[in-house]
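Going left to right, the sequence shown walks through residues 848 to 1173 as the working numbering numbers them.
Using N, Cα and C, we set each Cβ at its ideal position, and we do this for glycine too.
Predicted, not measured: the structure shown is a model, and the values here were computed from it.
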Amino acid sequence: MVARLVETARPDPLLIVLAGPTASGKTSLSLHLAECYHGEIVSCDSVAVYRDMEIGTAKPDKADRERIPHHLIDVVDPTEPYTAGDYSRAGRTALSEIAARGRTPIVTGGTGLYLKALIDGLFAGPQRSESLRERLKLSDKKRGRGWLYQILMRLDPQSAQRIHPNDKPKLIRALEVCIAARQPMSHAWEQGREALKGFRILRIGLEPDRDYLYERINKRAAAMFRNGLVEETRMLLEKYGEARPFDSLGYKQARALLERKYREMDAISLAQQGHRNYAKRQLTWFRRERDMYWLHGFGDEPRIRRKAVELIERRLSESEGQQASE
């Protein structure tokens, strides 16, 4: 009698993705889940990748980063360019290394474009054209504020809806793709992308009540100024000079305060408004994500933590059941 060896394939490792607007408690929930599931956290924040930008990015504190391994925080200096493509490549490497150690990768953050690049992949867009970019910048300076956004609305309204009218670098890149590739960037996104493979992805979205979310955003923005955001901004400008990340929320208003363009109360109010508007855009973006399980509350609420654990346990049991049936 010949013995027949049957090799049972192991299921792909679980990848937990936590998304949601700013101040919704993603960091708190990610730390809790990392403790529950022997996890490591991969930050998905386009500003947290920069060194020395601590207060305005609401990075996890050093104690939390020492307790739970974190990745893609403090990757480059603020003067160095860092793209969604850079993030996607580094993030996928981190995910593979975490899984190879037998730990659970947990991606958490609010930068929708970075998350899309990580999970869905990037399109092979046209190379950067400095001459075209200069023409676009000159046209913007000549025509005035809002001109680039108006052009993009005509050429690619779908991409325009995902980009803030004042985000000139993203507007210029979208227009660069439209002109060089002779097609909207939104169409190019759907071509030639290589989605992340080798993981069972569980997407969890946080959607707190809007009034409570805005209240928390207002308190957080005010606390940033109270805890030294202006001093941190001064240090960054002295150390690095001009850098694009210094125009991000909070830092932009702190910088204007240093330049005496605003009073402190006005700078705080503008930062609060900016963060509230950003939260709206984040929710709009993440609602387009497929297979997202929405939890209506903050990530530091016990009931939300329980629901997140229930979702994870259900996904794990489904995988075990599928493996047993095979």
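Could you have a look at residue i and say whether DSSP puts it in helix, strand or coil?
| i | result |
| --- | --- |
| A1155 | helix |
| S893 | coil |
| L979 | helix |
| A866 | strand |
| V923 | strand |
| H879 | helix |
| I1026 | helix |
| H1122 | helix |
| T855 | Because the pLDDT of T855 is 49, which lies under 50, any placement of that residue in the model is unreliable, and the number read from its coordinates should be weighed accordingly. Of the three classes helix, strand and coil, the one that applies to T855 here is coil, per DSSP. |
| M900 | coil |
| E1160 | helix |
| M848 | Residue placement at M848 cannot be trusted, given a pLDDT of 35 that sits under 50; what the coordinates show is reported in the next sentence. DSSP places M848 in coil when its eight states are reduced to three. |
| G959 | helix |
| L1096 | coil |
| I945 | helix |
| Q1005 | helix |
| K1127 | helix |
| I998 | helix |
| E1085 | helix |
Near residue i, what residues of its chain come up, given a Cβ to Cβ distance below 6 Å and the 5 sequence neighbours on each side ignored?
| i | result |
| --- | --- |
| R980 | I1019 |
| S1095 | V894 |
| G1121 | L1096 |
| P1196 | Any answer about residue 1196 is impossible in this case: the structure gives the chain only from 848 up to 1173. |
| I945 | E887 and P952 |
| Q1129 | P868 and G957 |
| A1069 | I1115 |
| L1043 | I966 |
| E1079 | I902 |
Expressed to the nearest angstrom, what Euclidean distance is found between the alpha-carbon atoms of residue i and residue j?
| i | j | result |
| --- | --- | --- |
| L876 | L985 | 45 Å |
| Y1177 | G1146 | Nothing can be reported for residue 1177, as the shown portion of the chain is limited to 848 through 1173. |
| G1075 | Y1087 | 18 Å |
| D967 | R1110 | 43 Å |
| K873 | A1126 | 13 Å |
| D987 | P1055 | 38 Å |
| R851 | E1165 | Residue placement at R851 is flagged as unreliable, the pLDDT there being 39, under the threshold of 50; a coordinate-derived value is accordingly withheld. |
| M1000 | A1007 | 6 Å |
| I1010 | L995 | 11 Å |
| K906 | Q1100 | 19 Å |
| V1077 | K909 | 21 Å |
| I863 | Q1005 | 28 Å |
| A937 | E901 | 21 Å |
| R1153 | L962 | 24 Å |
| S978 | R990 | 18 Å |
| L1158 | A947 | 23 Å |
| R1081 | R1057 | 33 Å |
| F1072 | M1112 | 10 Å |
| P1031 | E1160 | 41 Å |
Who are residue i's beta bridge partners in DSSP?
| i | result |
| --- | --- |
| R1047 | L861 |
| E887 | P952 |
| M1139 | R1050 |
| G1077 | The sequence given here places Val at residue 1077; Gly does not occur at that position. Answer by DSSP bridge pairing: none, since V1077 is not bridged. |
| H918 | V889 |
To which residues of the same chain is residue i closer than 8 Å at the C-beta, ignoring the five residues directly before and after it?
| i | result |
| --- | --- |
| V896 | S890, L919, I920, D921, V922, V923, Y929 and Y934 |
| E854 | Caution is warranted here: a pLDDT of 42 is assigned to E854, below 50, making its placement in the model unreliable, and the coordinate value is therefore given only provisionally. Taken in chain order, the list of residues that qualify is empty. |
| E1148 | G872 |
| S976 | E1023 and A1027 |
Tell me which same chain residues have a C-beta within less than 7 Å of the C-beta of residue i, skipping the five on either side of it?
| i | result |
| --- | --- |
| L1163 | L861 |
| A964 | A931, G932, Y934 and S935 |
| A1155 | L876, L880, I1051 and L1142 |
| A941 | V889, H918 and L919 |
| A791 | Residue 791 is absent from the model: the chain starts at 848 and stops at 1173. |
Since I believe residue j is in contact with residue i (beta carbons under 8 Å), could you give me their beta-carbon distance rounded to a whole number of angstroms?
| i | j | result |
| --- | --- | --- |
| A866 | G1052 | 5 Å |
| A1103 | A1114 | 6 Å |
| L1083 | F1093 | 6 Å |
| L1002 | L1022 | 7 Å |
| F1133 | G959 | 6 Å |
| D899 | L878 | About 23 Å separates the two Cβ atoms, so there is no contact after all. |
| A870 | R1063 | 5 Å |
Please confirm if residue i has its CB atom under 8 Å from at least one CB of chain C.
| i | result |
| --- | --- |
| Y1059 | Absent here is chain C; the protein component of the structure consists of one chain. |
Any chance the CB of residue i is under 7 Å from a heavy atom of the ligand NAP?
| i | result |
| --- | --- |
| S1095 | In the structure shown, the ligand NAP is absent, as is every other ligand, since no ligand is present at all. |
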